[in-house]
Structures are given as C-alpha cells and as structure tokens.
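Chains A and B, in that order, give the protein sequences.
Quick note on numbering: the first sequence equals residues 1 to 616 in this note's numbering.
Quick note on numbering: the second sequence equals residues 1001 to 1614 in this note's numbering.
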Amino acid sequence: MSLDIATFEDEESGSVSSIRDIGLLKKLWPYVRPHRKLLVGSLLLLIPVTLSQIALPVIVRRAIDGPMAAGDFNGLWLLCGGYFLIMAVHYILKYHVMVMSQVAGQRIVYDLRTGFYRHLQSLSPRFYHRTPIGRLVTRITNDVENLSEMFSSGGLSILMDLAIILGAVIAMFWLHWQMALATFGMILVISAVMEVLRRRSRDAYNTIRVKVAALNAFLQENFSGMDVVQLYRREEKNYRDFEELNQDNLKINLNSVLYDCSLTSSVEFLTIVATILILWIGGVAIGAGGMTFGVLVAFFLYAQMIFDPLEDLAEKYTIIQAGLASIDKIMGFFTLQPEIPAGETVSSVSTRSVSTRLDGHIRFEDVTFGYLEHTPVVRGISFDLPPGRSAAIIGPTGAGKTTLIKLLTRFYDVNGGRILIDGKDIRELPVAELRRNIVVIQQDDFLFSRSVAENITLDPEKAGDPEEEPRLREVLSQVQALDLVSRLEGGIHHVLRERGRNLSGGERQLLLFARAIYHDPAILVLDEATSAIDPHTETRVQHAMERLMAERTTLLIAHRLSTIEQADQILVISQGQLAESGSHTELVRQDGLYARFYRYHEILEHPAGGVKSDVK
Amino acid sequence: MRTFTPANRESPAIRTFWKYRHIFLAYRWSIAVGLLVLLATNTVSVLIPVQVQRVIDDIAAGELDSLAPALGIILALAAVMLGCRIASRWLLFGVGRKVEYALRNALYRHLLTLPPAYYSVHPTGELMSRMINDVQALRFLFGGGITLGFNTLFAYALSLPVMLHYSPRLTLFAFLVLPVAVYLMSLVSGRVKRHYFRVQEVLGDVSSVAQENFSGMAVIQSYVKEQTEDRRFSDISDRYYREYLKLIKMRVWLFLIMALVTSLGILIVLAEGGREYILGLISPGAFVAFVMLLEKLSWPTAAMGWTVTMIQQGTAAMERLDQVLSAKSNLTRPDQKTHDSRFPTGPLEIRDLTFHYDNPYGDAHLIHPPVLHHVSLKIEPGETVVIVGGVGAGKSTLLSLIPKLYPVPDGKVFIGGRDINTMPLPGLRELVTFMPQHSFLFSTDIRRNIAYGQPEAGMELITEVAETAAVHKEVMAFDTRYETLVGERGITLSGGQRQRMTLARAILIEPRILLLDDPFSNVDAHTEEDIIRALAERKVFENKITLIATHRLSVIRHADRVVLMDEGRIVATGSHDELMAEQPLYQRLHRLEHLRAELDAVWRDSLPETEEPV
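Here it is in structure tokens:
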C-alpha cells in the first residue's frame, strides 16, 4: 500500500477562482444520480413558472390599452381576475419548484455527508494520527454546509433568475424592439459596472480575509500565552502591535464598505437611467402614435424583473464557487483508501456479535514492519504466548512496543514474517472477527460523552435495553465500580462529560475495564493502562485488572513493576528488536537492560517517604 | 417591585450602553451627518417618481417639447441620489466598523490586565467568541441597524404624503396589503429565527457526533462498532436533513410572501387605479408613479424585521462584553500603595507563606486546600538555590508567586526588605524573570521570540544567549536562520528546542531575580551539562538571586544551597552533602535521578532511527 498522506495537505486559504468545475461535477454525479428525477421534475416545472411570470405584465398592458382607454369597467375586472388567477398559479407552482429542488439538493447533501463519514470510518489509525480532528469536523460540517448552501441559494435559483431574465428580454423585443435594445444595452452597462466594482470588492475581501486571520491568530496566541506576555511586560508593545493590526483591518474594511455602497447605489442609479431611456424612446414613440401607454408600463415591469435578480446573480455565483471548492476538499479524502485490503473491511462481515471465540494462542514469527517501507520499526520479532498466559513488553518510548499491538489487531499488515493466532495466520481471519477477540486498553482511552451504559456496551440499543441492565451491573460490580456509578446522577444512564472529565483517572480506568469485560475478548492488551492512577482507586484498579486478566491471553505494555514481575514472560524491545526475553528471575540474573530497568523502577515504585516522584 | 414593565426590563441594557458611551458617542457627528444625508437620499428618491409622473402626463397631453429637459431633471436627481446614497452608507456603515475597532481595542487592552486565574476560567475559545461574534453583533447594530432602521422610517414618512396626495383611496387599498404583509413576514421570520436556532442545535449535534467519533475512532474500530456508529451518524444526519428542510420551506414562504406583496400591489393599482383612471380621478402619470413608489417601499418593509433582530442581538452581545470589561484583576488592590517605583536591592525573603488557589472568577463555593504551608526562605543576592521535591510538592507554585502571577498575602514576600505588594506590578516583573514549565513560543520568527522580553536587543546579544542555551547551532542550520518562523506557518520545533529557546529568552534579560521552573526536562544529560557550563562562563548566576526547580544533578552541583520540599512544606535546607547525610527523602530522589540518567543513556542509545508516526 503506497499512499502518501503526508503530501495530502489542503489549504484553508484556497481561493475560489480556479476550480475545475466540470471534473468536480462529474465526481458529484454518483450522489446526484439517485435524485435525478426530482431535479428533472423541478426543471420542467420551471417552464410554466417562468411563462406565468412573463404573462403578468402582458395583462397589465391589455388592461391599460383596452378597458382603461375605453372606459370599460367589466373588461377591467375581467382582466384583474385573470391577473389574479395567473398570479395564483405562478406562486403555487413556484412554491413547488423551490421545495422540490431543495429536497433534491438536501438529499444529495445527506447522502454525501453520510457517505463521507462512512468512508472516513474505514480509514486506518495512521490517517487519524496525521489529520487533525478539527479539520475532519470542518469538512463534514462547514464544507458540507457550503455544498448545501450551494443547492439552496445558488443552484436552481440561479437558473430561475436566468430563465426570468431571458423570458423578459424576449417579451421586450416582442413588444418594442428599439426600446428593448436600449434596455438590453443598459443591462450590459450595469453588468460591466457591477463586474468592475465587484472585482475591486473581491480583492478587498481577499485582503480582509488575510487581515482578519492575522488578527485572530494574534489574539488566540496572546490569550493562550498571556502569562508569558505579562511576565515579560509586553503589555504595551503587544497593545501597540494589536492596535496596528486592528487599524489595518479597519482601513481595508472601510475601503470595502465604499466599494459595496458604490455597487448597490450605482445599480440603483443605472436602473433610473434605464427608466429615463424608456421614457424618452417611449415618449417620442407615443407622441408619434407608434406606441401605447400599456406597452410603456409593461416595459417598466419587465425592466424591474430583470434588474432585481441582476444584483444577486454575482453573489449566487460566489456561493456556487464556494460550494465547488468544498466539494474539491471533500473529494480529496475519497482518494484515500483503507490500508487493509478491500473485501476484508469490517462491513463485509455479519453484524452478529462474537461469531467464534478464539483460544488466544499468539505466535509472532520473525515479524518485520516499517511505517515507511525501507525503515523498519520492528525487525525479526518472534515469541510464543500460549492461551491464558501473560507477557510484558518493555522498552523505551518509540522502541516499537505499540507497533506490535497495531500489527496484532491488523491496523497494519506485517512486511515480513507472520503473526498466528490459534495457529492461523491473522491475514486469513476476517478483520472483524479478529478484532472482536482482542481488546486493547490504552492509558487514556476514549470515553464518549454518552451514558455510562453506552460507553460500556458501545451500542445505544443495548445501553437502553432494560434486559441488558443486570449484565451491565454484573460487569460493573466485577470491576468494583457499581457503587461509584450509582453515585452518579442517573446511575448507569448518567451522561459523561467530554472524554469523561468529570471522573478521576482511576474511575475512567475502571469503566474502560468494564467495557473490556463486557465484550469478553480472548486476548487482552493493556497498553500503559495503569500509569496515572489516584491512590483511592488504585486497589480497585489492581483488583479489576486481575479479574480481567484471568483466563485471557494478556499482553502488558510498560506497566508497574509488580505486574511485570508476575507476567509469565518478559519481552525487552530495543531498537525494534527483541533484546531480552524470559521470566523475571532469569532476566534479573542476566543483569542486562531489564535489570537496570528493574532497579530504577523498584525505587520509583516503593516510596520511602510517601512521595510520588515526577521523574520519568 | 411588583410591576415588571417593559421599560424596567430594557433599562439594564440601556445602562450597559450608557456605561460605555465614550466608545459610541465618539462617532456622534458621523452618525448625525450620515442620518441627514440619508434623509436627503430618501427625499430625492420620492421626488423621482413625482417627476416621472409629470413626464408621463406631458406625454399623454402630447407636449413633447418639454420631454428632454424634464428627463434631464430626473437624471440630475438620480445623480444627486447616487452621491447621497454612497455618502450616507459609507458614513453609517463606517461607524459600525469604527465601533468594532474601538471595542476590540478596549477589550484587548483590558484583557491584558487580567491575571492567569481569569484565563483559567475563561478559555481562549470563549474569549475569541467575544472578540469575534459579539463585537460583530455590535458592528451590525451601529452600522446596518441604524442605517436600515432610519431608512425604513424616512421612506415611509416621505412616501406616504405623496401617495395620499395622488389618491387617498388607492393609498388606503395599498396599505391594506402592507400591514398584512408585514404581519405575515414578521410571523414567518420569527418562526424562521426560532427554527434556525433549532437547526443550528442539530448541526451542533452532527458536529459533536463527528468530533467524538473521529477522536474515538480507535475504540470504534477496535470493538468493531463501525456499523453501530454509521447508523448513529446517519440518524443524526437524517434529523438534520428534516429540520433543515423545514427551515427551507419557511424561507420559501418568506420569499414568496415578499414577492407576492409586489404582485398584489400591482394588482391593486391595476384594479383601483384603473377604476379611478376611467373615472378621471388620477392621471396616467400618477398611475405609473404609484407603482414606482409602492415598489420602493418593499425593501424598507422587509428591513423592519432585520433591524429588530440586530437590536436584540447587539444588546445581548453588549451585556456579554460588559462581563469581560468589568472583570478586575485580583493582583492589585485599590488600597495598596504602589507609587514608590524605586528598585529595591537586597535579598529575596519569604516569610511564613501559606497559599491556596482560590479563584475569584470561577466557582465561589469551591474552596481549595492550601498548596503551600508556612514556607519561609531567604536568598541573598549572588546565591543560587535549587528546589527539589516530588509532584505536588509546591515548587512551581512557589516560583510563580514571586512575580505575582497569583495574589500574595501582605507581609509574606519581600525583596530588599520591601513587601512586593507595595511595588507596582510592572516594576516587580522587571526585577523578576520567570521561565515557566511550558515552553510557550509565539508564531513569529526565532529572533523575536528570543528577544521577547527586550525587543530592542541586538543580534549579537541574541546569538550569544542562544549559544549559551545550546540552540544556536540548530538555528543556524535552518534556511532562514534567526528569521525562521515558528509554529503553524513556520517550522515545528521539538520539545527540547522549544525549551532551550525559552531558556535563551529568559537569560537574555539580566534581571535581579531569575526563576527557572524545570528548565531541562526536555534536554538530554549531555546538552544539559554544556548549558550549565556555558551559563557559568557567562556568569549568568553572578550578582543575581537564582531559584531553580529541578532534579538534575549537574545543576545541583552548581547550587549554593538545596531546598527540599514535600507536600507544600520546606522539609530541609542545606548543601547537597548535608541533605544526603540527613534526609532519606532526598537520598531517594537523588538515587532515582541517578538511575534515571543511567537508564536514559542506555535507552537513548538503543532508540531506533525512525519513531512511529504520532
């Protein structure tokens, strides 16, 4: 698997000018396809909606030139009634077009969001190590929202505007081509003026974005490092720096305000100029008897129809561009593939809980692996751990201890050698089945801000099932955490705070153990599981750990000495290789790495004066 | 006290604005002129349809000679309106921007005076939200809010008389529609607003499920719960889809109501205006002018709701800002006399200091147990003292109290015989340089980071101290050397590099008192020896009171005295040899440090070349 996530960097600054629009839309097609009927339907409805709107000024014209000129009241009422009917039809249809297109858009967004989540969920830990969680959350919320905005404010409504403009222009040419030409000329002038001003304003906005980012970064940093600012008496200087940034920001914003005001005001001005032109040409034509009042009024109404959407058109285009930029960012993630070969992904395995319970006989045979192909992190590791036995793996940080566990749970596959469980190469086991038999508990493993029951079962249905409660209580009492949980408001249904911050380290640990016992694995891995524990839960944790290890094959990583001493095997990893292995007594006798490690930790863990030390 | 009138409810808000009137009243002239110009804009805006009416009536009468000059007048009016519109908006929106500017300055200036205890209760994210969202709400209020509000007022006040003049009956009919439209719009937009919050809430849920699941992905994948979580995410996305669709439908309604008002207006003018025209009550010009006037009112009508929202949100934001601006530092008290700014010389003396972290900004009911008990210590100038002790012994707390990061009781800490509470805070901190445990660097270049406490320091001095802190060579290896940017936009430094840079930053200043909190925790033994030697050569410790919290043996060897702390108390003071002879706790700590260094050396040699990705 050669994929380079390191080069996969997306720029937050991404300007929206150069977008490969067509290619992007092609990528979006699989999500659009299922909803194409709705989209085509709303496009078809767009035709009567446009026609009915174009028809309204025609009625006004008829009313003015016909009944009003002739003094025919009945004719006037009739036309007014017709106006009302067409108007009603227009608005009813328009409502449906808008809702239909929105439903289609939002369904696409929903599919994309859940599809995106599903895809991310299939990616390996390596991806999660290298990608800040915040960025992923931004993608799945903000960027998907941009897309949603593109459908709701851009998308079809831009088509609707264009259809109206087109219809109105055709109607105008049909009514009086000279006047239509004049109006059309004004549309071009307005568009040109808008484009010039908007370009300026866009430049200003790009500068503003940079300035605002600088200002916010400055503040963010100053707030989090305020003690350093104050200790070095930088208050005055930093205030001056801030004021300067703020001043810059103000200046550029005032400029942009000027552009914005000029834009809207100029459009208003040019609309009046168009009115003047219509009055002039129309006036002369009426005087010459070549035109009627009705046509003049209808012209005013059509002009209004054109100038109103013209102002928003560019804004909608920007929204579409932002949406496309977001699609680009999201689609980038889809090119990343899960590292465990497809077909073996967890979803391909049945949803049944534990299908087969393994015995838990672990055997590493000459295992070699590197995250980068040519720099192995572990080399030629071999050991054999019979079912129900325990092994402690020790070594300095970065020696490759945790890597061994990731290989065992198949977050990565070995480059050389093989790993056997119950005599079977783990590559031949379905990943889901393998993982169901192994539980890894890490020092500060993740607790969700969900109920205690859900954190143990990891399943909302089981957590809410009253029949599951006795089992939950049983598990909690096994780790001696039942009294602790019942003290919480709501008992086992108590919702934990973010990452379980309202619990102590030891209490969190007990819940993690309960989670493990509930899932009843054949193999247990305790990865630095008990290093930071408060004294009042220490004995409970110790007890729970014994409970947990009973009858399970256990791998212990970097533990307290008492636990390591009792392990059936001790494996010392150094430079990615197995440096020493054997029982505690054997290794102490060897007087090598382990013996040194032991002497240090002996003092560290057997306090003479009741003092914990912060020495690593 | 029984009645709770609306006036009563509003008065606190007005009082809050009044409290900060100096910020807003600074722009009163801009506001006044802006509003006058806005009035002029609206006047011209009503004059144009009136002129159009004249032109049309002239055309109807066949008087085409006056057509050109009459249209010229409209063009002139349009030009005047263009100028006035730009000027009024620029002035009034500019006021919003200036208010934003002034508020930001005031907030930042005030936040600079608040102590660490405040920041421990109010996280950076919260303060950023004040600085960005709330300040923006006030910008909207003072910019758009004022403009739109008055624009609506002027537009109605000026159009109404003209419309009544043309035809009272037609005006009546037209305004029969308007109140209904305004009522419907406010009804729907109220619902839109409420539902918008609901949608935001659900979006928040989507975001937090995503956040939680991405953070806990290892657990999900290990326990094979992908399908359960997939369902959870689909469910919440589905809920969001439904709520959002409801919002969209409401927005469609709102849009249609607004459009309907225009169409209905035209229908009314057509029916009633047509009738009056046939009866000869209005001229064709008035008929067209009426359509134009009605059209011009649709925007101000829609703006009514927005103005109200801006006022509400701006008021709420101002109250939140007031909470920040009225927080006071707990380090200085008005009764403390701190006018004497002469620098005292002489020993640092701590007399019977007991301290606990009570936080006046946090939960008042939370009572913290003391972390220092009856600590007494005297250090003469030129002396170097090392503090040794386990976790929670109180070393860091003791160090942080000397530059008064937390309030110190009177009569407990003295410099040169003077209580530090009688010194101005900047003066005290000029005497004391404290290097905290966390190596905080700013995202500027390395040079500015090292010279943080003395920005005018020359390059020579900067390289000197960097050399002393054993970081110079690494800096020179970067492409842009001391100009290399640190942090997100620059290079990522290792923990050790950061620590040595903060050490360089601390020793660049030649303070009277130097406090170093565990300055070598991320530095290996070999480099540490080099640094200690360099510090001695540079005579950094000479003529200075130096207090270092560390266990490193090479530092202890250099110290004049060692202070042993345990559980917030000073257990013993003496030379290394004395403590080794008398204190079992010290012996243990010492032996532990010795073994740690040994193990460190062994492990370090055995480290593989590539670490796993973190």
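Backbone N, C-alpha and C define an ideal beta-carbon position, used for all residues, glycine too.
Treat the numbers as computed from the prediction; the structure is a model and nothing was measured.
C-beta neighbour in chain B for residue i, strict 8 Å
i        : result
A:Ser449 : yes
A:Met160 : no
A:Arg113 : yes
A:Thr553 : no
A:Leu472 : no
Distance, residue j Cα to residue i Cα
i         : j         : result
B:Tyr1244 : A:Lys27   : 25 Å
A:Thr318  : A:Ser326  : 12 Å
A:His493  : A:Pro521  : 24 Å
A:Ala463  : A:Ala514  : 14 Å
A:Gly287  : A:Ile276  : 16 Å
B:Gly1411 : A:Leu503  : 39 Å
A:Asp465  : A:Leu231  : 56 Å
A:Val60   : A:Tyr83   : 8 Å
A:Val495  : A:Leu385  : 39 Å
A:Gln178  : B:Lys1098 : 49 Å
B:Leu1294 : B:Arg1015 : 39 Å
A:Asn206  : A:Asp260  : 14 Å
B:Thr1301 : A:Glu489  : 51 Å
B:Met1459 : A:Val228  : 22 Å
B:Val1391 : B:Phe1414 : 26 Å
A:Val103  : A:Met150  : 13 Å
A:Arg435  : A:Asp413  : 14 Å
CB contact check: residue i to chain A, cutoff 8 Å
i         : result
B:Glu1467 : no
B:Ser1494 : no
B:Phe1442 : yes
B:Arg1429 : yes
B:Pro1300 : no
B:Glu1295 : yes
B:Ile1446 : no
B:Asp1238 : yes
B:Lys1615 : Past the boundaries of the shown model lies residue 1615 of chain B; chain B is included only from 1001 to 1614, so the question cannot be answered.
B:Glu1383 : no
B:Arg1028 : no
B:Ile1570 : no
B:Thr1171 : no
B:Val1177 : no
B:Lys1246 : no
B:Leu1103 : no
B:Val1050 : no
Rounded Cβ spacing between residue i and residue j (contact assumed at less than 8 Å)
i         : j         : result
B:Thr1354 : B:Leu1331 : Actually they are not in contact, since the Cβ atoms of B:Thr1354 and B:Leu1331 sit about 18 Å apart, beyond 8 Å.
A:Ile272  : A:Phe299  : About 14 Å separates the two Cβ atoms, so there is no contact after all.
A:Ile133  : B:Phe1255 : So it is not a contact: roughly 38 Å between Cβ atoms.
B:Ala1317 : B:Asp1518 : Actually they do not touch by this definition, with Cβ atoms about 42 Å apart.
B:Trp1029 : A:Leu258  : With 8 Å as the limit, B:Trp1029 and A:Leu258 do not qualify as a contact, their Cβ atoms being about 19 Å apart.
A:Ala391  : A:Leu548  : So it is not a contact: roughly 15 Å between Cβ atoms.
B:Val1408 : B:Leu1401 : 5 Å
A:Ala180  : A:Met172  : 4 Å
Within chain B, partners of residue i - CB distance below 8 Å
i        : result
A:Asn146 : None at all; the shortest Cβ gap to chain B is about 13 Å.
A:Pro125 : Met1217, Ala1218, Gln1221
Per-residue contacts from residue i into chain A (C-beta, under 7 Å)
i         : result
B:Gln1053 : The premise fails here: B:Gln1053 is roughly 11 Å from chain A at the closest Cβ pair, so nothing lies under 7 Å.
B:Gln1200 : Chain A residues near B:Gln1200: none, gap ~11 Å exceeds 7 Å.
Under 9 Å from the C-beta of residue i: neighbouring residues of chain A
i         : result
B:Tyr1119 : Phe223, Ser224, Met226, Asp227
Exercise. Quick one: complete alpha helix (DSSP H) runs, 4+ long, within the segment 408–467 of chain A?
Worked result: 431–436, 452–457, 460–464
For this session: Counting only runs of 4+ residues fully inside the segment 1501–1554 of chain B, write out the alpha helix (DSSP H) ranges in chain order.
Result: 1525–1537
For this session: Pick out the complete beta strand (DSSP E) segments inside the segment 1447–1489 of chain B, 3 residues or longer, and give them in chain order.
Result: none
For this session: Starting from the N-terminal side, write out each stretch of the alpha helix (DSSP H) that is 4 residues or longer and does not extend beyond the segment 1072–1136 of chain B.
Result: 1116–1121, 1124–1129
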